[in-house]
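Structure record follows, encoded as structure tokens.
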Amino acid sequence: MSDAPFTDHYGVLRDALPGHDLPWLSRLRASALESFSVSGLPTQRRESWKYTSLRPLEKVGFGVTGAPRACISIDRAPSLLPAASEHHRLVFVDGHHRADLSTLGNLPEGAELTTLREVLTNEPDWLEAHLGAVSGDPGGDWEQPLLALNTAMMMNGFVLRLAEGTVLHDPIEVVHLGGAGDRPLAYHPRNLVVLAPRSQVTLIEHYTHLGEQPYYANIGTEVSLAEGAVLHHYKLQADALDAFHTATVHAEVGPDALYDAFGMTTGARLSRNEIAVRLAGEGANCHLNGAYLVRGRQHCDNTTRIDHLVPNTACSEIFKGVVDDQARAVFQGKITVHRDAQHSKGHQLSKVLLLSDKAEIDAKPELEIYADDVVCSHGATAGDLDHDALFYLRSRGIPEPEARALLIEAFLAESVHNIAAQGICPALMSSIGHWLAGRPKEI
Amino acid sequence: MLEIKNLHATVDGKAILKGIDLTVNAGEIHAIMGPNGSGKSTLSYVLTGREGYTVTEGEVLFKGKNLLDMDPEERAGEGVFLAFQYPVEIPGVPNTTFLKEALNSVRRYRGEGELDAMQFVKLVREKTKMLHMSDDMLKRAVNVGFSGGEKKRNEALQMAVLEPSLAVLDETDSGLDIDALKTVADSVNLLRRPENALVLITHYQRLLDYIVPDHVHVLAGGRIQASGGKELAHELEARGYAEFSAGAAA
Ligand SMILES: Nc1ncnc2c1ncn2[C@@H]1O[C@H](COP(=O)(O)OP(=O)(O)O)[C@@H](O)[C@H]1O
Ligand SMILES: [Mg+2]
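Each protein sequence line maps, in turn, to chains A and B.
So the first sequence is residues 1 to 443, counted in the numbering used here.
So the second sequence is residues 1001 to 1250, counted in the numbering used here.
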């Protein structure tokens, strides 16, 4: 075995991993492990990891997540949706599904929300066809060590499937609670979203914590949107401040389909959201938006890649961040318009408020355009709060801390209010409010 | 109420105010007139504590307290209000949120209880009605997309809500048509109390027909060059500032 971190977990886990009796899956895991053993965790020598170091992660010494701890006493998992609203919910604690906390409700005909484990048991062939279908050839050259690690060790996750024309009015919420173990744990959730033509759903992922232990969640998600499908995909990462969070999302967007994503980060000592979207059908569209608020010594990395592969595809991307103290944020956004993708539109914007002299942003927008008839733009700004606005507020009696909070909130509010699923706006605004008040939002 | 003594101030190292003396008593209305660039807005910013405006000499007492030692928000709490010549746009902050936050901050400072949402709405309704302002302007972000006249009305609204004891109106008349000017003047007049005072900075005599000053001062070259009664404003209107500017240059 190599001395790459986490590889020793495989030996411990092997027989506990779901689907260990399926030869195709064992081969997939083995080849992923093999490739991860060679690469190890990505280092800053890799171009796409230039600004983010995973060294602190190696130092913690995470153990494997074995059997779920039986006696975690929670009677209710937190929700980003109003208490009275109808929705469907899956809850995971330290990566383990907790049926007792989940409330699936009445899913309409044609909609299925279940766990990876369950699909492995009941429909392994379906999974064989879909696992890795969007993220790339599992046996090939792994460009993404973290996804390889996830593939080798994945234990569970959620699977969301909609049949043709199925439109869900109530959102689906997946809650991930970390830190409940009795020691630092690492786990690797693997999620699949497969939407058949003209189906629509709102999916909300909420990452937060309940215990005291540091944890590492290394998530892999694949999204496949067939013709005319619409996925509103929202995520709040409010993990514990000593947690690590790396998430890789691959989305393939078919003709006239829409992938509408918004992610907000307030938690984790170190986080990376890596999102790759392939606009693969004519008329495919994606909104890739994000907001982050970090302070202390937090490190928050948003790395996105959007590929326009065919004509008449569109993307818009707005990331807004607030960085205080000695925290550091990274935004890397690459938009590639391939040769055939004529009449495509791409717009990207990164805006950051740096609230202290030691706060840092590394913004790297990248446009690569190989088609000649396209409309593309990008921009990046970083700066302090508007001094004139601050003085105006203070001259009306509003004390400086409150005036600053008002301006920061206003800076982010625009992004939040643009969210299509208005139901989660109050919860997101209250997360921002809690952050501004210097307190994590209690769950 | 307000005593300005030998006030000198610089901006970017450049001397702008060069020894201002001015006393404003409760119940009085003072007009400060003067050519462009003479330091009128600078004086208003020094009084409200804007950063970048450095006092190099002199003092300012407000109700006996050293105003220059206070943060801008403390000055507002003490009852100083500036209607800005160029009101600032604040995207993303709804006008009502701003007004409520301002009012309750000032009330907290003064040891008065905060208003709840209902009480606040009632109060603002009264004031917007008085100023002929639409509810729409309350919902929009502070000054964003407001016309010049709307911005000035919004300043008047903030003044009406905060009820300062000393209001400085910096060219509040510019950009207003005659009807709007009357409306704003009416609302300012309604706030007049024996215990309050008003400083009107203006270019034109026009506003002074509606808000009649007790004293008129000419500010040129960073100093008050002349003071008189309301008839001085009429003289200035007829003769211009040339002689004072010349005096200032000398
Ligand atoms: N922020 C600033 N930076 C540099 N110079 C300034 C600034 N504000 C005012 N000044 C200068 O100070 C002088 C007085 O300006 P101001 O007080 O605005 O005059 P007024 O309001 O009487 O027209 C002018 O020469 C102007 O150019
Ligand atoms: Mg001026």
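Note that beta-carbon positions come from the ideal geometry of N, C-alpha and C, so glycine has one too.
These numbers were taken from a predicted model, which means no experiment stands behind them.
Check: residue i C-beta below 7 angstroms from any heavy atom of ligand 2
| i | result |
| --- | --- |
| Gly395 of chain A | Correcting the residue type first, residue 395 of chain A is Ser in the shown sequence and not Gly. Not so, every heavy atom of ligand 2 lies at least 7 angstroms from the Cβ. |
| Gln200 of chain A | no |
| Gln1085 of chain B | yes |
| Asp1170 of chain B | yes |
Closer than 7 angstroms: residue i CB and nearest ligand 1 heavy atom
| i | result |
| --- | --- |
| Gly1027 of chain B | no |
| Ile1016 of chain B | yes |
| Thr1097 of chain B | no |
| Lys1040 of chain B | yes |
| Gly1175 of chain B | no |
| Val1011 of chain B | yes |
| Gly1037 of chain B | yes |
| Val1049 of chain B | First, the residue type needs correcting, since residue 1049 of chain B is Gly and not Val in the sequence shown. The answer is no for Gly1049 of chain B. |
| Gly1228 of chain B | no |
| Gly1019 of chain B | no |
| Gly1034 of chain B | yes |
| Gly1274 of chain B | The requested residue 1274 of chain B is not part of the displayed model; chain B covers only 1001 to 1250. |
Among the options, nearest to residue i - alpha-carbon criterion
| i | options | result |
| --- | --- | --- |
| Ile398 of chain A | B:Lys1018, B:Glu1074, B:Asp1012 | B:Glu1074 |
| Thr1172 of chain B | B:Tyr1210, B:Met1137, B:Glu1195 | B:Tyr1210 |
| Asn191 of chain A | A:Leu210, A:Ala163, A:Phe158 | A:Phe158 |
| His57 of chain A | A:Ala268, A:Thr202, A:Phe92 | Before going further, note that residue 57 of chain A is Leu rather than His in the sequence given. That would be A:Ala268, whose Cα lies nearest to the Cα of Leu57 of chain A. |
| Arg76 of chain A | A:His176, A:His9, A:Glu112, A:Val277 | A:His176 |
| Thr151 of chain A | A:Met264, A:Leu160, A:His130 | A:His130 |
| Pro189 of chain A | A:Val249, A:Ala226, A:Ala229 | A:Val249 |
| Val1124 of chain B | B:Leu1169, B:Leu1022, B:Val1161 | B:Val1161 |
| His108 of chain A | A:His169, A:Arg27, A:Glu282, A:Thr221 | At residue 108 of chain A the sequence reads Pro, which differs from the His that was named. When only C-alpha atoms are compared, the closest one is A:His169. |
| Val1142 of chain B | B:Glu1028, B:Gly1092, B:Ala1015 | B:Gly1092 |
| Leu146 of chain A | A:Glu227, A:Leu231, A:Tyr292, A:Ala32 | A:Ala32 |
| His9 of chain A | A:Leu149, A:Arg295, A:Val38 | A:Leu149 |
| Leu279 of chain A | A:Asn273, A:Lys345, A:Ala196 | A:Lys345 |
| Tyr1109 of chain B | B:Glu1078, B:Ser1147, B:Leu1002, B:Val1199 | B:Glu1078 |
CA-to-CA distance, residue j to residue i, given in whole angstroms
| i | j | result |
| --- | --- | --- |
| Pro1035 of chain B | Gly383 of chain A | 36 angstroms |
| Lys1236 of chain B | Ala1185 of chain B | In the sequence under discussion, the amino acid at residue 1236 of chain B is Leu, which differs from the Lys named in the question. Each residue's Cα considered, the two are about 21 angstroms apart. |
| Gly1221 of chain B | Glu1059 of chain B | 19 angstroms |
| Ala1242 of chain B | Val1218 of chain B | 11 angstroms |
| Asn302 of chain A | Val330 of chain A | 6 angstroms |
| Met29 of chain A | Thr208 of chain A | What sits at residue 29 of chain A in the sequence shown is Arg, not Met. For Arg29 of chain A and Thr208 of chain A, the distance between alpha carbons rounds to 28 angstroms. |
| Ser1174 of chain B | Lys1040 of chain B | 14 angstroms |
| Leu1086 of chain B | Thr114 of chain A | A quick correction: the sequence has Tyr, not Leu, at residue 1086 of chain B. Between Tyr1086 of chain B and Thr114 of chain A, the C-alpha separation is close to 58 angstroms. |
| Gly1149 of chain B | Ala276 of chain A | 48 angstroms |
| Cys425 of chain A | Phe36 of chain A | 39 angstroms |
| Asp454 of chain A | Val119 of chain A | Residue coverage of chain A in this structure runs from 1 to 443, which leaves residue 454 of chain A outside it and unanswerable. |
| Asn1095 of chain B | Tyr215 of chain A | 43 angstroms |
| Phe319 of chain A | Trp435 of chain A | 18 angstroms |
| Gln200 of chain A | Ile1090 of chain B | 37 angstroms |
| His1008 of chain B | Thr1054 of chain B | 8 angstroms |
| Thr313 of chain A | Lys1127 of chain B | 50 angstroms |
| Val253 of chain A | Cys286 of chain A | 8 angstroms |
| Val1216 of chain B | Phe1084 of chain B | 20 angstroms |
| Ser173 of chain A | Lys50 of chain A | Strictly speaking, residue 173 of chain A in this sequence is Glu, with Ser absent from that position. Looking at the two C-alpha atoms, the distance is approximately 34 angstroms. |
C-beta neighbour in chain B for residue i, strict 8 angstroms
| i | result |
| --- | --- |
| Leu406 of chain A | yes |
| Gly397 of chain A | yes |
| Tyr292 of chain A | no |
| His434 of chain A | no |
| Asp388 of chain A | yes |
| Phe62 of chain A | no |
C-beta neighbour in chain A for residue i, strict 8 angstroms
| i | result |
| --- | --- |
| Val1106 of chain B | yes |
| Glu1114 of chain B | no |
| Tyr1109 of chain B | yes |
| Val1088 of chain B | yes |
| Gly1092 of chain B | yes |
| Gly1175 of chain B | no |
| Ala1160 of chain B | no |
| Glu1073 of chain B | yes |
| Leu1082 of chain B | yes |
| Thr1048 of chain B | yes |
| Glu1051 of chain B | yes |
| Ala1009 of chain B | no |
| Glu1101 of chain B | yes |
| Ala1076 of chain B | yes |
Are the region 361–368 of chain A and the region 377–384 of chain A in contact at 8 angstroms, needing three or more beta carbon pairs?
-> yes
Pair every Cβ in the region 406–416 of chain A with every Cβ in the region 1107–1118 of chain B, then say whether three or more of these pairs are closer than 8 angstroms.
-> no
The region 287–300 of chain A / the region 327–342 of chain A touching (three or more Cβ pairs under 8 angstroms) = yes
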